[in-house]
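First the structure, in the form of structure tokens, and then the observations on it.
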Amino acid sequence: MFSAMLMNAYRNERPGIRIAYIIDGHLFNSWRMQAATRVSTTTVYDLLFADDCALNTVTEEDMQRGMNLFDAGCANVGLTSSAAKTVVMRQPPPSAKYKAPQKNVSGAQIKNVEPFANLGSTLSHNTRIDDEVAKRISKASQAFGQLQASVWNLHSIHLHTKLIKDPLKKPLKQLQINPATWEDLAQDTNSDLDLPSSLPETIRGVQQISSGKAPGSDAIPPEVYKQGGPQLMTELTTLLVEA
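Quick look at the structure:
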């Protein structure tokens with residue numbers, strides 16, 4: 057219904073912004089935009105969002121005329137334009153001096169905004185993306201800040217991996233244990249937030265692995281265990297005592 061109202065309101069006059077665009081994969085090649093044979097052109101009259109409509113014009117006179125047509129189109133279908141919910145922003149060329157527009161709808165003055173935020177995006181009158189980038193960085197910072205108590209302050213998520221995984225790389229390599237298997241084990245432990253095994257349990261587990269008695273494990277050759285096993289036990293004992 058709203059789209060039909062817009063088509064009816066602008067059936068005779070359609071003030072808008074004429075733009076050139078390319079869709080051949082060379083979007084950031086500014087030289088191609090200057091070649092008439094490389095670009096397509098169209099006129100953007102309005103932008104429809106979830107429950108908003110943004111009118112676009114080149115001049116302030118066209119904007120006022122477009123708003124008058126919009127207001128009349130709403131009245132024709134029983135709708136009412138709300139001046140309180142309508143805002144306007146002017147984006148002059150880089151070389152032009154900024155001047156706040158004076159527009160009205162249904163006889164009521166419309167509020168000027170700077171910047172204008174809509175659907176997570178931020179537009180400013182200088183047509184630059186500085187404000188948009190700053191807003192997105194701020195939102196990302198807020199999102200990470202909300203994780204402070206639930207993630208960053210929970211040492212159990214990463215402390216066990218940090219204490220166990222790094223110091224044991226050398227003895228594990230000597231025992232011919234696949235590093236990828238150890239990485240998966242550390243990640244599983246972190247995701248479940250399980251407490252580290254006790255020292256007796258760890259010693260018993262290593263002894264079972266060395267003898268091939270641990271379920272699903274490959275037996276470590278005795279000569280390999282003799283070379284790296286004692287060092288591994290020493291490292292584990294030190295880590296578990298410190299923890």
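Using our numbering, you'd call the opening residue of the sequence shown number 57 and step up by one each time. Think of the CB as a built atom: it goes at the ideal place given N, C-alpha and C, for glycine as much as any other residue.
{"Asked": "DSSP-derived helix/strand/coil call for Asn168", "Found": "strand"}
{"Asked": "Nearest candidate by alpha-carbon position, reference Val133, set Leu62, Ser177, Lys191 and Asp187", "Found": "Leu62"}
{"Asked": "The region 64 to 79 in contact with the region 89 to 105 per 3-pair CB rule at 8 Å", "Found": "yes"}
{"Asked": "Beta carbon of Lys167 nearer than 8 Å to that of Val143", "Found": "yes"}
{"Asked": "Inter-stretch contact at 8 Å, needing at least 3 Cβ pairs: the region 173 to 182 / the region 196 to 205", "Found": "no"}
{"Asked": "Distance, Ser151 Cα to Ile185 Cα", "Found": "17 Å"}
{"Asked": "Asn246 (DSSP reduced to helix, strand or coil)", "Found": "Low confidence applies to Asn246: its pLDDT is 43, below 50, so where it sits in the model is not reliable enough to give any reading."}
{"Asked": "Identified DSSP bridge partners for Ile73", "Found": "Val100"}
{"Asked": "Nearest-angstrom Cα separation, counted from Ala65 out to Ala128", "Found": "7 Å"}
{"Asked": "Backbone CA spacing between Glu170 and Ala60 [nearest angstrom]", "Found": "31 Å"}
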